[in-house]
Every structure is written in structure tokens, then in C-alpha cells.
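Protein chains in written order, with our numbering: chain A, 1 to 276; chain B, 277 to 588.
Glycine included, C-beta positions come from ideal geometry on N, C-alpha and C.
Below is one structure, written out as C-alpha cells; comments come after it.
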């Protein structure tokens, strides 16, 4: 009995894992879970798992193959194997949402400032995401002159398009602050409320998640938006576009970036959910 | 302030992300192991390694330079390498060092620490990883295999080595195994090895996901900023977060309040021993040996980084 279970468990489990990987790649849901650099690996390993499943099913090992020769496991162990290998990943694949909830932010805390001593390569262009800047080819020019950096040129509405990371870098780097201080900026993110009690009125944090490798290492970076108390609040984790004036307020040894909003517009989630 | 707030949706997102990150490397490791098993002659590794035990262990610790592998993929590899004559001590040194002492991690560490003495940090990380893995490998020489490997692994090793020594029966002596049959055999080996490792990867990913998404880390992390607690608490954080060795440098680099030696302990301890790996190691090692290795790593890495942080 357990021989029959084993005979079919291996190809079935391999096939299930392979198809799940292929599904997540083809449906583009993989973007929620993994850095783009690894997406192709998921597809390739999914295809190879399917191939391996077919080989295991149609070309079982002959009596004098390389494979292990050891006593068959008990029925109980086989059933445990089935339970662990097949059920959790199936359940997760069927029920998983495509984004984290506000609970993650409450448990991880927010990165709202960078200390003044935080060093960042001065030669890198601004408007570069926090961690991909580590891989960026250093620009020859260290100047922040708008005529040399197209990312700092306002659009026809007079807004400079920035990311949360750009504002945070500027808070740590005095030479960058002049790019944004007192100027009208436009940035997108998700709403997260300020205090532990999570009352929804008043100022909120505008959050973008930065991913290095996979969703498990996501870091929530945030900029404070000084939203008035008397206006209708936004629900947590709503995607919004904020247009307002950037300012940087010293608070002890750190500098807090704050956006004074002029317009806040709810938007659809962007294709790139995370900065990476 | 609640210290435990569980959300099923967050758990599944984190759980799947850990699996999607780890599965490709586990399969690559399994496939490489399958080809090693099928194409490499029996006891080949034993002949390739230096006869001197210290050099053999050091060679095992350096193997990651030419055979880089992340911590998930290396377990199926070392099972097959041991089957081909690799001593347990060299295999353990490879297991511990390969996720750190490899070109990919060197580049990612350098990139992550740009502006924070990247060359020194990279060399310290690789050097400390190599030394610690070699020391632990050498200490394993003092132990009998029955104290190191679990019963299933011991039985498999005996069977593999027995089949390497048994003469080919006359009825098979003229049987020629084609290249295609060897490739099919390699894939079959890879499939069974992959599932064996995936079993423990699922358990490890589930436990890690609970910590990652449900435990209030804003309570835990501030404790670590005190200088006496920095090194041990960073190692504890590395153990609980179970990050892969290509990405942990970026996380460590952003702990601005932490001294460099604490970040180094995070980057060396984590790839060698974390919550996910504790379960995966049980495929090969006895539980008591895994605990012993964990304590040894805590001592060696903690002592070297702790002393260095006070000297700095």
C-alpha cells in the first residue's frame, strides 16, 4: 500500500509544485512575492519540476539504478509527507492576497527618517530607489542642477515627481534637500495612520515598501503627510497620489521630512507594487 | 502594546515568498546533486580532496567559490557529495561556508555597503565565514559519524558506499548504461532529493513567516541597540528572520544604529544557522548535533565580533 502511495506521491507532488510556480509566473502574481530578478528562475524551475515529475512517473527507476535502497517508510510517514508537501502550498496559493495588510506595518514599524550620519554615495543620481541605487552606475556629475538631472525638472503642472525614498534620502543628505525643500512634489504610496490607536483623522504616513529579494524582507518606508484633522480620512492601505510642498524639519539629530498636501487623489495600485 | 498579532493573509504572502525564493535553489542543488551522483565515479571526491585533513576541510570551505549555492540548495548537494566519498567534516565546512564564501554574496555585500567601507566589510564577512566554517569542520573530525548524522543518512551512506564496493554481477557486466539513462536517473535522484528537502523547507518557512508577520518587532529591535546586546541580538534577529545570504547584507547595512561588528555577526551567523535551516538540517544531521553546531557558531561568531566591537 505504501509502495503504491510512494510510487505516485513523488510525481504528483513534483507536478503540483511545478504547476503552482508556472501559474504564479504566467498570471504575474509572482510580482507580489519576489524581486523581478528571480522571476525567470521561478518559471525555469517550475518547468523543470514538471519534467522531473513526468520522468518519475513514466521512467521509474530500474532495479539496478543509482537510487537509494532503503526500507520503505511507514504509511503514517507517507501520509505526513503528503500533508506537509501538498496541503500548505495549495492552501496558500488559493487563499493568499496580493498585498500585505496594515498589520505588517504595525508589527514591523516604519522607517520614517534616516540619521544625519547615514552615508550614501554622493555621485549617484537622485530619484533613484533606496536599494537599487547600490547597483546603479555612478553618474559622472555630482551636481544637483536641474538642467543636468531630468528627474528634477517639474512637469507641466509644476510638480517634481519623486518617490518616498528620494524624500528620505534628502532628509539625510543636506546637499539634496535644496532639490525639494519648499518645492511642489508629487508622489504615490499607501496610507498608514500615525498613531498606535490608528484613529483615522489627521496626519498619516505615506508608505512604500522596498523589496530586496522577496516579500519576506519588505521594509516599509514612510513620509509624513500633514493631512488636516477636519477632512475625511482615507482608509488604511489605500493607494493615493499626494501633491504638496516638501519640507524638512530638524528634530534633535535627525531631520523629519513632511509633505504639506495641496491635493490627494485615490489611485489604483501601480504595476510596480514595491520599490526595488 | 500587543506583541503577537496574526493575520492569515500576511502569513500566506510571507510563506509563499519564502517558498518561491527557496524552491529554485533547492531544485538547482538537487539537480546538481543528481548529476554528481550519476556521473561522478564512486569515491571520486575522496581522491580529489587533499589527503591532509586540515587542508581537506579548508578545501571544503572554499568550494563555494567554484560551486556557489545558497543555504537552501546546498543540503541536497552535500548528501550526494558525501555519498561520493566527501568526508563529513569537509561537507559540513562546505555547507556552512558556501552561502557566504561565494562570488555572488561578495558582490551583493560590496554593493550593499557602498559608502560604508564596502571592501573591508566584504573581506571581513568572507574571511570570518571561511574561518568559522573551517573550525567547525575540524571539530567534527573529533566526533564519530553516528553522533553527527541521523540514522537515515547513515543508512543511506552505508548503502551508497556498499554499492560502490560490490562487484558488478555477471549478468549486468555487459550492460551499457546510455547517457540518456544516466540523465533520467539524475532527474529521478533530483526529484526525490527535492521533495526530501522541500518537506523541511515548508515547515521552516511556515515558522519563519509566523515570526515575520505576527510578532511585534518594534518591541524586540530596540533592545538590540545597547552595545552589550548588539552582537547577540543581531545574531538572534538573523536566526529569526531567515533571510537569504544575497539579501541580508542590504538589511544589515540599513541598521544605522548598529555597530559594524554587530552587522557582521548578522551576516555571518544568519546564512549558517536560521529558523528555516534548523528544520532542513534535520534531513542530514542529528538534532543534538544541529544544536551543538548552533551553539558553536554563537560562541565563535559572538566572541570574535563581540571582542572586535569593544576594541573598535
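I need the DSSP call for residue 396 of chain B, collapsed to helix, strand or coil. Residue state, collapsed to three classes: helix.
Cβ of residue 225 of chain A within 8 angstroms of Cβ of residue 204 of chain A? yes
Identity of the residue in B:574, B:414, B:554, B:540 nearest residue 403 of chain B by Cα: B:540
Chain-ordered neighbours of residue 238 of chain A on chain B, where CB pairs are closer than 9 angstroms: Chain B residues near residue 238 of chain A: none, gap ~17 angstroms exceeds 9 angstroms.
Can you give me the C-alpha to C-alpha distance between residue 366 of chain B and residue 375 of chain B, rounded to a whole angstrom? 15 angstroms
Can you tell me which of B:389, B:426, B:390, B:418 puts its alpha carbon nearest to the alpha carbon of residue 355 of chain B? B:426
Minimum Cβ-Cβ distance from residue 286 of chain B to chain A less than 8 angstroms: Yes, its Cβ sits closer than 8 angstroms to a Cβ of chain A.
Kindly indicate which three-state DSSP category residue 162 of chain A falls into: helix, strand or coil? coil
Name the residues in the segment 390-421 of chain B whose C-beta lies less than 7 angstroms from a C-beta of chain A; which are they? 390, 391, 392
Return the chain-ordered list of same chain residues with a C-beta closer than 8 angstroms to the C-beta of residue 132 of chain A, the five sequence neighbours on each side being excluded. Because residue 132 of chain A carries a pLDDT of 36, less than 50, the predicted location of this residue cannot be relied on, and the following value inherits that uncertainty. Around residue 132 of chain A: 275, 276.
Local conformation of residue 61 of chain A per DSSP, three classes: DSSP places residue 61 of chain A in coil when its eight states are reduced to three.
Express the C-alpha separation of residue 21 of chain A and residue 36 of chain A in angstroms, rounding to a whole number. Their Cα atoms are separated by approximately 14 angstroms.
Please tell me whether residue 202 of chain A has its Cβ less than 8 angstroms away from any Cβ of chain B. No, its Cβ sits nowhere closer than 8 angstroms to a Cβ of chain B.
Are the C-beta atoms of residue 581 of chain B and some chain A residue less than 8 angstroms apart? no
Is the distance from the Cβ of residue 247 of chain B to the Cβ of residue 577 of chain B below 8 angstroms? With chain B covering only 277 through 588, there is no way to say anything about residue 247 of chain B.
Please list the residues of the segment 279-305 of chain B that have a C-beta atom closer than 7 angstroms to any C-beta atom in chain A, keeping them in chain order. 281, 283, 285, 286, 288, 289, 290, 291, 292, 293, 294, 295, 296, 297, 299, 300, 303
Nearest by alpha-carbon distance to residue 264 of chain A: which of A:252, A:76, A:186 is it? Proximity to residue 264 of chain A across A:252, A:76, A:186 peaks at A:186, based on C-alpha coordinates.
Candidates B:566, B:558, B:327, B:476, of which the one nearest residue 89 of chain A by Cα: B:476
If residue 430 of chain B sits next to residue 421 of chain B, beta carbons under 8 angstroms apart, how far is it from one beta carbon to the other, in whole angstroms? 6 angstroms
Closer than 7 angstroms, Cβ to any Cβ of chain A: which residues of the segment 423-439 of chain B, in chain order? 431, 432, 435
Quickly, what does DSSP pair residue 257 of chain A with across the bridge? List them, please. A:248
Exposed or buried, residue 575 of chain B, counting other C-beta atoms within 10 Å across all chains shown (16 or more means buried)? exposed
Residues in its own chain within less than 6 angstroms of residue 386 of chain B by CB, not counting five upstream and five downstream? 394, 398
Per DSSP, cross-strand counterpart(s) of residue 189 of chain A: A:240
Coarse secondary structure for residue 263 of chain A, derived from DSSP in three states: strand
Within the chosen definition, does the segment 287-301 of chain B reach the segment 91-101 of chain A through at least 3 CB pairs nearer than 8 angstroms? yes
So is residue 280 of chain B buried or exposed if we call it buried at 16+ other beta carbons inside 10 Å? When all chains shown are included, residue 280 of chain B counts as exposed.
Compare the C-alpha of residue 112 of chain A against each of A:245, A:272, A:258 and name the closest. The candidate whose alpha carbon is nearest that of residue 112 of chain A is A:258.
Beta-carbon proximity of residue 519 of chain B to residue 546 of chain B, cut-off 8 angstroms: yes
Verify the CB distance criterion: does residue 88 of chain A have a CB-CB separation below 8 angstroms to chain B? Yes, because at least one Cβ of chain B sits closer than 8 angstroms to the Cβ of residue 88 of chain A.
Residue 583 of chain B - DSSP class collapsed to helix/strand/coil: helix
Count the other C-beta atoms from every protein chain shown that fall within 10 angstroms of the C-beta of residue 219 of chain A, then say buried if there are 16 or more, exposed otherwise. buried
Is residue 409 of chain B closer than 8 angstroms to residue 373 of chain B when the C-beta atoms are compared? Going by C-beta atoms, residue 373 of chain B is nearer than 8 angstroms to residue 409 of chain B.
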